[in-house]
Amino acid sequence: MKNIYFTPGPTELYPEVGHYIQEAVRENVCSINHRSKEFIEIYKHTHHSLKKLLNIPDNYAIFFLNSATECMDRIIQNCVENTSFHFINGAFAERFCKTSTELHKKIEKIEVEYGRGFNFKDIIYFNYPELFCLTQNETSTGVAIDPEDIYGLRKQFPEALIAVDIVTSAPYVNIDFNKIDCAFFSVQKGFGLPAGLGVLMVNFKCIEKAIYLKSKNISIGSYHNFLSLYENAVKYQTTETPNVLGIYLLGKVCENMLNRGIENIRTETEEKSKLLYDFFDNHKTLKPFVHNLTDRSKTIINIDTGKDQTMIKKKLADHGINVGSGYGTLKESQIRIANFPMHKIEDVKKIIRVLSH
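Per our numbering, the very first residue in the sequence shown carries number 1356; after that it's consecutive.
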């Protein structure tokens, strides 16, 4: 029996990844020099494929880092002189905020109870924010922020920078990159790849902020500061030897998704999400953690299981379906079901069949 991974990440591999890895071995991708013409072509292919897939504007650079968590570090170091403003509704938004305090920046924040969204109209800002940090899709709680609410910050604070965590919503979420300044994800979620690659997309406004901070002798980091990363990225290179295989595989998966059609992927994601939420909304004991329909993530579905969590996970595992546990304080009382492009609608229906009995 084949195991299917509906875990939030690492998750089910994108179907063609095994073939792409074999292809990479045949082409000696894992042995090439990262300053070679061959690597530049790999970087260039991934760069252009990702930009086309996510509709990223020309004024954005793409940096390849080690993880999404590192992306948080780089953003705070290069975009904050004094204070960052955080919207906290889960563990990963908290991590972004903690990163800022660990880098000795001041923070302002708005916090809501786990499982709830923000009422942006009621938020009072006491100072003009320097950088907004938002987790668009909170992996720990299954709460999503409507991108339109994020764009509202741009209208209200046109000079502030906006950083968006799209770790478990990319490539599904349709972000207007002209209305934010940087975004990031890691490849082991919605792109169905082995872990070990973080992707950070920044516009020139972020680069200018890093230049300004450096001019004031404020540390922006060492070899992974935005200026060093940008200097290399414009040449389709990296600062140091990167995860060449990861970059190669990401380009291949982006190309495959472009052939499938990003709108088809988004439609399929919404269809699968509706099946799951409709089922659990009508289940006697298993209920969605996020009650407000407009706050529900389409890609991470958190389900309250109470004391039956271990039994539910085993029941699914006995049928070859692996789902995630809750996160942090919710670890023992929830399951999390990922809904990414590699998850098939027939397997979603299998989850429903198994839990119907």
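Yeah, the Cβ is synthetic: ideal placement off N, Cα and C, and Gly gets one too.
Sub-8 angstroms separation of residue i and residue j beta-carbons
i: residue 1542; j: residue 1389; result: no
i: residue 1512; j: residue 1483; result: yes
i: residue 1591; j: residue 1384; result: no
i: residue 1555; j: residue 1429; result: yes
i: residue 1644; j: residue 1659; result: yes
i: residue 1532; j: residue 1620; result: no
i: residue 1581; j: residue 1609; result: no
i: residue 1678; j: residue 1692; result: yes
i: residue 1519; j: residue 1538; result: yes
i: residue 1419; j: residue 1495; result: no
i: residue 1475; j: residue 1497; result: no
i: residue 1525; j: residue 1417; result: no
i: residue 1332; j: residue 1444; result: The chain is shown from 1356 up to 1712; residue 1332 falls before or after that span and cannot be answered.
i: residue 1536; j: residue 1568; result: no
i: residue 1359; j: residue 1675; result: yes
i: residue 1523; j: residue 1553; result: no
i: residue 1655; j: residue 1529; result: no
i: residue 1375; j: residue 1607; result: yes
i: residue 1521; j: residue 1540; result: yes
i: residue 1489; j: residue 1465; result: no
i: residue 1372; j: residue 1616; result: no
i: residue 1396; j: residue 1698; result: no
i: residue 1579; j: residue 1596; result: no
Reference residue i; option with closest CA among the options
i: residue 1694; options: 1705, 1363, 1357, 1385; result: 1363
i: residue 1642; options: 1690, 1708, 1612, 1597; result: 1690
i: residue 1714; options: 1442, 1447, 1416; result: What is shown of the chain runs 1356 to 1712, which leaves residue 1714 out entirely.
i: residue 1571; options: 1403, 1361, 1376, 1436; result: 1436
i: residue 1469; options: 1459, 1461, 1449, 1477; result: 1449
i: residue 1613; options: 1407, 1399, 1357, 1702; result: 1407
i: residue 1706; options: 1639, 1630, 1413, 1509; result: 1630
i: residue 1485; options: 1473, 1431, 1501, 1457; result: 1431
i: residue 1357; options: 1709, 1702, 1708; result: 1702
i: residue 1757; options: 1596, 1601, 1704, 1685; result: No answer is possible for residue 1757: it lies beyond the span of the chain, which begins at 1356 and ends at 1712.
i: residue 1473; options: 1573, 1422, 1500; result: 1500
i: residue 1735; options: 1565, 1637, 1584, 1505; result: Nothing can be reported for residue 1735: it is not among the residues displayed for the chain, which extend from 1356 to 1712.
i: residue 1463; options: 1471, 1487, 1415; result: 1487
i: residue 1683; options: 1557, 1657, 1514, 1696; result: 1657
i: residue 1626; options: 1638, 1575, 1661, 1704; result: 1704
i: residue 1688; options: 1709, 1708, 1663; result: 1663
i: residue 1711; options: 1453, 1661, 1640, 1573; result: 1640
Burial state of residue i (16 or more Cβ within 10 Å)
i: residue 1439; result: buried
i: residue 1391; result: exposed
i: residue 1370; result: exposed
i: residue 1651; result: buried
i: residue 1527; result: buried
i: residue 1577; result: exposed
i: residue 1478; result: exposed
i: residue 1648; result: exposed
i: residue 1666; result: exposed
i: residue 1503; result: exposed
i: residue 1669; result: exposed
i: residue 1624; result: buried
i: residue 1672; result: exposed
i: residue 1564; result: buried
i: residue 1414; result: exposed
i: residue 1361; result: buried
i: residue 1558; result: buried
i: residue 1653; result: buried
i: residue 1401; result: buried
i: residue 1510; result: exposed
i: residue 1454; result: buried
Range of the contiguous alpha helix (DSSP H) that encloses residue i
i: residue 1511; result: 1502-1511
i: residue 1610; result: 1599-1615
i: residue 1701; result: 1700-1710
i: residue 1565; result: 1559-1570
i: residue 1677; result: Looking at the DSSP string, residue 1677 is not in any alpha helix (DSSP H); the run it does join, the beta strand (DSSP E), is 1676-1680.
i: residue 1581; result: 1581-1588
Opening and closing residue of the beta strand (DSSP E) in which residue i lies
i: residue 1691; result: 1689-1693
i: residue 1519; result: 1516-1520
i: residue 1463; result: 1461-1466
i: residue 1360; result: 1359-1361
i: residue 1541; result: 1537-1541
Check: residue i C-beta below 7 angstroms from any heavy atom of the ligand MG
i: residue 1572; result: Only the bare structure without any ligand can be found here, which leaves the ligand MG out of the picture.
CB contact below 8 angstroms: residue i versus chain D
i: residue 1501; result: Going by chain labels, chain D is absent from the structure shown, which holds only one protein chain.
Scan the stretch 1366-1454 and note each continuous beta strand (DSSP E) run of 3 residues or more that stays entirely inside, going in chain order.
1415-1420, 1438-1443
For the stretch 1620-1667, list the alpha helix (DSSP H) runs that are entirely contained and at least 4 residues long, ordered along the chain.
none
Length at least 3, wholly inside the stretch 1471-1497: the beta strand (DSSP E) runs in chain order:
1486-1490
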